[in-house]
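Note sheet for the following structure.
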Amino acid sequence: MNKNLGWKLIVIAATLLFFLFGIFGIPEKWSGSGLLAALQNRIHLGLDLKGGTHLILQVQVNDAVNVDSDNAVERLKADLRARKINYTEISKPDPANDPDKVVLKGVPPESRSDLLSIVQDRLPEYNLTSGPDNTWTVSMKPQALADLKTRAVTQAIETIRNRIDQLGVSEPIIEEHGLGQYQILVQLPGVDDPARVKEIMQSTAMLEIRQSFGGPYPSEQAALQEKGGVLPPDQVLMPGRSVGTNSEDGGQTWYLISRASAVTGRDLRAADQSRDENGQPSVSFTLTGEGGRRFASFTGAHIGDNLAVVLDNKVQEVAVIKDQIHDSGVINGRFTEQQTKDLAMVLRSGALPAGIKYLEERTVGPSLGSDSIRAGVTAAVIGMLAVLIFMLIYYHAAGINADVALILNLIILLGFLGFSGATLTLPGIAGVILTVGMGVDSNVLIFERIREELRNGKTPPSAVEQGFAHAWITIVDTHVTTIVSAIILFIFGTGPVRGFAVTLSFGLFANLFTAVFVSRVIFDWLLSRKQRGEALSIG
Amino acid sequence: MEFFRNPNIDFLGKKWYFLAFSLVFSVAGIFSMLFWHGIPYGVDFRGGTLVYVKFAQTPNNNAIRDAMDRAGLRNARIQSYGAPGGNEVLIGVSEQETNEQALDRSKTQIIGALESNAPADKQDLNNSGLLTIKTFLLQKDPLRLGTDAEQKYTAQAQAIVDYRDKVKGGVLNSLDELKAAADPAVVASLSDGFFLSNFGVRNVEIVGPQVGAQLRKQAFLAAVYSLAGMLIYLAFRFEWIYGVAAVVTVFHDTLITVGAFSLLNKEISLTVIAAILTLIGYSNNDTIVVFDRIRENLKLMRRDKLSDIVNRSINQTLSRTILTAGLTFLTVLALYLFGGEVLKGFSLALVIGILIGTYSSIAIAAPILVAYQDWRSGRGKSAVTVPVKETARREKVKAKA
Chain A
67 MNKNLGWKLI
77 VIAATLLFFL
87 FGIFGIPEKW
97 SGSGLLAALQ
107 NRIHLGLDLK
117 GGTHLILQVQ
127 VNDAVNVDSD
137 NAVERLKADL
147 RARKINYTEI
157 SKPDPANDPD
167 KVVLKGVPPE
177 SRSDLLSIVQ
187 DRLPEYNLTS
197 GPDNTWTVSM
207 KPQALADLKT
217 RAVTQAIETI
227 RNRIDQLGVS
237 EPIIEEHGLG
247 QYQILVQLPG
257 VDDPARVKEI
267 MQSTAMLEIR
277 QSFGGPYPSE
287 QAALQEKGGV
297 LPPDQVLMPG
307 RSVGTNSEDG
317 GQTWYLISRA
327 SAVTGRDLRA
337 ADQSRDENGQ
347 PSVSFTLTGE
357 GGRRFASFTG
367 AHIGDNLAVV
377 LDNKVQEVAV
387 IKDQIHDSGV
397 INGRFTEQQT
407 KDLAMVLRSG
417 ALPAGIKYLE
427 ERTVGPSLGS
437 DSIRAGVTAA
447 VIGMLAVLIF
457 MLIYYHAAGI
467 NADVALILNL
477 IILLGFLGFS
487 GATLTLPGIA
497 GVILTVGMGV
507 DSNVLIFERI
517 REELRNGKTP
527 PSAVEQGFAH
537 AWITIVDTHV
547 TTIVSAIILF
557 IFGTGPVRGF
567 AVTLSFGLFA
577 NLFTAVFVSR
587 VIFDWLLSRK
597 QRGEALSIG
Chain B
9 MEFFRNPNID
19 FLGKKWYFLA
29 FSLVFSVAGI
39 FSMLFWHGIP
49 YGVDFRGGTL
59 VYVKFAQTPN
69 NNAIRDAMDR
79 AGLRNARIQS
89 YGAPGGNEVL
99 IGVSEQETNE
109 QALDRSKTQI
119 IGALESNAPA
129 DKQDLNNSGL
139 LTIKTFLLQK
149 DPLRLGTDAE
159 QKYTAQAQAI
169 VDYRDKVKGG
179 VLNSLDELKA
189 AADPAVVASL
199 SDGFFLSNFG
209 VRNVEIVGPQ
219 VGAQLRKQAF
229 LAAVYSLAGM
239 LIYLAFRFEW
249 IYGVAAVVTV
259 FHDTLITVGA
269 FSLLNKEISL
279 TVIAAILTLI
289 GYSNNDTIVV
299 FDRIRENLKL
309 MRRDKLSDIV
319 NRSINQTLSR
329 TILTAGLTFL
339 TVLALYLFGG
349 EVLKGFSLAL
359 VIGILIGTYS
369 SIAIAAPILV
379 AYQDWRSGRG
389 KSAVTVPVKE
399 TARREKVKAK
409 A
């Protein structure tokens with residue numbers, strides 16, 4: 067045996083050990099069950115195998131844009147008033163489709179430069195364009211608009227992650243999905259009953275404390291009537307309670323609430339489930355230092371007035387300010403125990419910057435998952451045995467060579483899964499099976515070529531040399547085309563399909579090593595032990 | 009052992025038969041896609057709601073239909089599913105009734121309809137998740153635990169769920185069965201909050217119309233990019249006409265495979281598309297083997313007619329073409345027969361695709377090369393040559409040997 071061959075054998079043995087470690091790690095027990103436990107520890111199963119819920123949701127980014135442009139409208143109104151610029155109307159013509167567009171009508175031509183400076187100084191993220199008849203359009207700069215939308219998605223991912231973590235779901239996946247669609251992929255292993263999780267993820271949980279000027283009114287008309295048909299500019303009408311749906315009074319109520327809020331959910335430091343003085347479930351909260359100071363100055367200035375706790379634009383509760391309050395408070399609202407628990411949790415996790423909409427929901431029950439594993443493994447073992455046996459029958463001793471290479475190929479593939487933390491899905495198992503079927507093709511190409519060379523009268527060493535040299539180019543070409551397909555599949559696919567692309571492409575990469583390098587070393591080793599002129603067993 | 013020893017079949021002479029065979033299948037597929045079954049998009053691409061249910065006893069599909077009708081789901085699709093005796097039924101609702109405002113409404117309706125005789129204040133243990141059971145146990149506290157309750161009840165709930173799903177296949181017949189898995193006091197307390205329906209939900213797929221449209225577009229783009237990738241790579245490695253021939257061949261394979269799904273009215277799901285994309289890569293393998301040999305023989309047999317060279321090349325590589333495809337087919341067949349219901353469509357696509365792909369690398373790809381050559385030589389030029397770079401490399405390989 068020459069020295070070169072010895073080195074190659076060492077490389078192969080090292081590779082084998084390395085990837086075996088990838089599959090099993092260091093098992094605690096060297097028994098069958100110990101190895102199985104080690105295997106389960108290292109190879110991550112996809113949702114389709116272990117059961118769980120897969121959700122795709124879309125952030126309604128226009129909500130976030132609308133909030134921003136509403137604020138812009140308010141600032142614009144205040145500044146126009148301050149600079150005594152007249153206008154007949156300021157409105158958003160199409161909040162649903164063009165949420166950043168604000169139209170300003172009837173500004174006298176001589177105020178043009180003033181208006182321009184207001185927008186430039188006070189609304190740096192907006193453009194001002196003029197239209198006919200003293201009409202002006204204020205709309206967001208494209209870059210600022212895109213940033214705002216991206217930020218809304220990032221923030222939504224953050225908030226959803228906080229909420230799911232608090233629910234105690236293990237190993238969730240929460241990531242942006244697709245490109246430019248404002249979609250988020252959420253995978254929740256082990257959750258086969260997603261209704262409650264979905265509800266918690268979806269609640270926007272926008273908490274505000276504002277001043278209340280009157281209510282409850284039985285209808286909007288009643289409220290307007292009391293104010294003489296026109297609302298003061300700094301007040302709005304808001305519907306009553308939503309979260310505590312077990313309301314006894316029935317029917318919708320309305321309140322007159324200040325436009326501005328004293329503190330918002332962003333000022334919260336903590337929120338917890340608690341009970342009020344009557345022993346009813348409620349949520350207590352603590353404010354941050356800055357929020358506490360603002361709340362103290364607000365309550366200090368309004369002793370005797372009413373404050374309103376507003377959640378998601380619905381009035382939860384109205385209470386008289388008896389004393390200055392510094393940094394804590396309680397939200398009541400005829401909640402159930404579970405509702406206060408959920409509310410405290412979503413308040414802690416922060417508000418969603420925009421509403422979300424569910425686009426896709428897939429749930430795999432664990433019973434199906436374990437059936438799938440069983441079926442997949444059965445198919446893999448049968449397919450593999452069929453191939454191994456066929457190779458032995460068709461190629462005799464050389465078949466052993468191919469079988470060794472094939473088994474090593476499989477070990478490398480599984481070891482890679484263990485090392486990389488890539489998930490094994492049901493199509494992924496199919497990818498493993500296909501790797502066996504396609505991987506053995508390389509051996510066939512090489513062996514057929516060797517047989518052909520032998521038939522043409524070459525000596526075994528030269529036939530082996532020629533066989534590998536000629537087949538190598540073909541093998542590279544065939545692998546590249548299949549891997550190109552797999553990569554495109556990885557880019558376009560999600561979840562289970564990605565798992566397939568991963569196992570197939572890595573399996574074929576590993577095959578280049580096993581079918582070409584390992585197989586060759588085995589042949590060389592066999593030839594080095596043979597007498598000159600002795601035949602090669604290749605069927 | 010050897011299947012083919014020195015075969016000598018005139019494949020090119022039979023090209024008209026091949027053409028007729030391919031045309032019949034392609035046209036039949038196209039007709040089915042246009043006028044008969046259409047392209048049978050699965051729920052992934054069409055949108056809609058599918059609920060896979062396993063019953064404790066043999067289900068009566070008519071009774072299920074009645075229950076759905078009473079719940080107002082008039083056009084629900086009800087179909088037995090899986091292995092015989094598995095008592096599994098697929099209940100589907102079309103895309104029109106699945107909208108993104110209330111994505112899971114149809115699912116709730118379907119489950120509600122099946123649970124129609126449920127006690128009002130109890131939940132269905134066969135269709136409750138870990139969280140629900142755990143929350144119930146924590147509230148009920150049947151073991152009178154002071155501390156450590158959360159951990160203990162989580163373990164109990166997990167044991168109940170595992171027993172139901174892994175031992176009982178997802179459906180419990182009576183609460184007493186749980187005594188094998190959980191604390192008797194816990195099991196006894198369950199009847200206060202739970203009842204048992206006669207079914208368990210195995211799998212739910214809800215795809216809103218927006219995602220359906222998006223996935224259709226993505227699948228189409230992925231197929232186009234794959235074909236383009238093949239064309240570019242093969243044009244670069246061989247000559248552009250080889251790339252064109254290979255891509256036309258693979259397109260032919262894809263068309264016939266999709267056509268077969270339409271003819272058989274089997275649904276095309278995301279995994280079927282994955283199989284088809286894999287075929288786009290894999291079908292090329294046999295074609296490449298033949299092309300490689302043609303390229304090699306072009307150098308050795310410079311005087312011969314191209315059609316002879318091509319025929320000879322196909323015959324020389326015939327045994328490996330059949331063997332490689334046959335071995336892959338063997339594994340795919342194992343997948344089709346034993347891989348379970350979830351992968352049926354996927355493995356069917358591979359079974360059909362590998363058969364067609366092997367046939368076409370002999371019957372379609374090579375004749376295209378010859379046809380192009382004939383057309384070019386009609387204009388006085390030679391068509392298929394060995395690229396200079398490649399010749400040099402091959403010479404080097406030879407010299408080394």
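Sequences listed follow chains A and B, in order.
Just so we're aligned, residue 67 is where the first sequence starts under the numbering used here, counting upward by one.
Just so we're aligned, residue 9 is where the second sequence starts under the numbering used here, counting upward by one.
Beta carbons are placed, not taken as given, at the ideal position from N, Cα and C, and that holds for glycine.
Could you please give me the residues that DSSP links to residue i through a beta bridge?
| i | result |
| --- | --- |
| His607 (chain A) | The displayed coordinates of chain A run from 67 to 605. Any statement about residue 607 (chain A) would go beyond what the structure contains. |
| His120 (chain A) | A:Gln253 and A:Arg428 |
| Phe351 (chain A) | A:Ala337 and A:Gly395 |
| Lys62 (chain B) | B:Glu96 and B:Gly208 |
| Leu170 (chain A) | A:Ile156 and A:Trp202 |
| Arg410 (chain B) | Shown here, chain B extends from 9 to 409; a query on residue 410 (chain B) therefore has no answer. |
| Pro305 (chain A) | A:Trp320 |
| Ser183 (chain A) | According to DSSP, which records beta bridges pairwise, Ser183 (chain A) is partnered with nothing at all. |
Measuring CB to CB, does residue i end up less than 7 Å from residue j?
| i | j | result |
| --- | --- | --- |
| Arg276 (chain A) | Val302 (chain A) | no |
| Gly331 (chain A) | Ala417 (chain A) | yes |
| Asp378 (chain A) | Thr548 (chain A) | no |
| Phe26 (chain B) | Asn319 (chain B) | no |
| Tyr236 (chain B) | Ile376 (chain B) | First, the residue type needs correcting, since residue 236 (chain B) is Ala and not Tyr in the sequence shown. Taking 7 Å as the Cβ cut-off, Ala236 (chain B) and Ile376 (chain B) do not qualify as a contacting pair. |
| Leu343 (chain B) | Ile499 (chain A) | yes |
| Asn181 (chain B) | Ala64 (chain B) | yes |
| Thr339 (chain B) | Gly442 (chain A) | no |
| Tyr424 (chain A) | Gly605 (chain A) | no |
| Arg210 (chain B) | Tyr60 (chain B) | yes |
| Thr279 (chain B) | Phe354 (chain B) | yes |
| Leu335 (chain B) | Val235 (chain A) | no |
| Asn54 (chain A) | Gly172 (chain A) | Here chain A comprises residues numbered 67 to 605, so residue 54 (chain A) is not present and cannot be evaluated. |
| Leu186 (chain B) | Val179 (chain B) | no |
| Asp507 (chain A) | Thr332 (chain B) | yes |
Which residues in chain E sit within 9 Å of residue i, going by Cβ to Cβ distance?
| i | result |
| --- | --- |
| Gly208 (chain B) | In the structure shown, chain E does not exist; the protein chains are A and B. |
So residue i packs on residue j, CB below 8 Å; how close in whole Å?
| i | j | result |
| --- | --- | --- |
| Phe364 (chain A) | Ser394 (chain A) | About 14 Å; that fails the 8 Å criterion. |
| Gly117 (chain A) | Gly431 (chain A) | 6 Å |
| Ala230 (chain B) | Leu285 (chain B) | 6 Å |
| Thr429 (chain A) | Asp258 (chain A) | 6 Å |
Looking at C-alpha atoms only, which residue of the options is the closest neighbour of residue i?
| i | options | result |
| --- | --- | --- |
| Thr544 (chain A) | B:Ala71, B:Ile281 and B:Tyr290 | B:Tyr290 |
| Gly137 (chain B) | B:Gly46, B:Asp173 and B:Ser114 | B:Asp173 |
| Phe566 (chain A) | A:Asp507, A:Leu479, A:Arg517 and A:Arg515 | A:Leu479 |
| Ala362 (chain A) | A:Ala385, A:His392, A:Lys388 and A:Leu492 | A:His392 |
| Arg515 (chain A) | A:Trp538, A:Pro305 and A:Leu82 | A:Trp538 |
| Ser124 (chain B) | B:Leu180, B:Val175, B:Asp74 and B:Ser199 | B:Asp74 |
| Lys23 (chain B) | B:Lys115, B:Ile370 and B:Ser34 | B:Ile370 |
| Ile156 (chain A) | A:Asn137, A:Thr444 and A:Asp258 | A:Asn137 |
| His536 (chain A) | B:Val350, B:Ser327, B:Arg301 and B:Ser315 | B:Arg301 |
| Phe556 (chain A) | A:Pro260, A:Pro493 and A:Pro255 | A:Pro493 |
| Ala188 (chain B) | B:Asp200, B:Ala126 and B:Tyr171 | B:Tyr171 |
| Ile387 (chain A) | A:Glu403, A:Ile369 and A:Ser486 | A:Ile369 |
| Val329 (chain A) | A:Gln209, A:Glu343, A:Val375 and A:Ile477 | A:Val375 |
| Met411 (chain A) | A:Asp166, A:Ala337, A:Asn398 and A:Thr402 | A:Ala337 |
| Leu326 (chain B) | A:Val510, A:Met304, A:Asn344 and A:Gly295 | A:Val510 |
| Gln126 (chain A) | A:Ala162, A:Gln346, A:Gly281 and A:Ser97 | A:Ala162 |
Handout entry: Uninterrupted alpha helix (DSSP H) stretches inside the region 220 to 275 of chain A (no shorter than 4 residues)
Key = Runs of the alpha helix (DSSP H) inside the region 220 to 275 of chain A: 261 to 268.
Exercise for the section: Pick out the complete alpha helix (DSSP H) segments inside the region 367 to 418 of chain A, 4 residues or longer, and give them in chain order. Expected result: Annotation: the region 367 to 418 of chain A contains the following complete segments of the alpha helix (DSSP H) (minimum length 4 residues), in chain order: 403 to 415.
Handout entry: Length at least 4, wholly inside the region 192 to 277 of chain B: the alpha helix (DSSP H) runs in chain order
Key = Restricting attention to alpha helix (DSSP H) runs no shorter than 4 residues, the region 192 to 277 of chain B encloses them at 192 to 198, 217 to 245 and 248 to 272, ordered along the chain.
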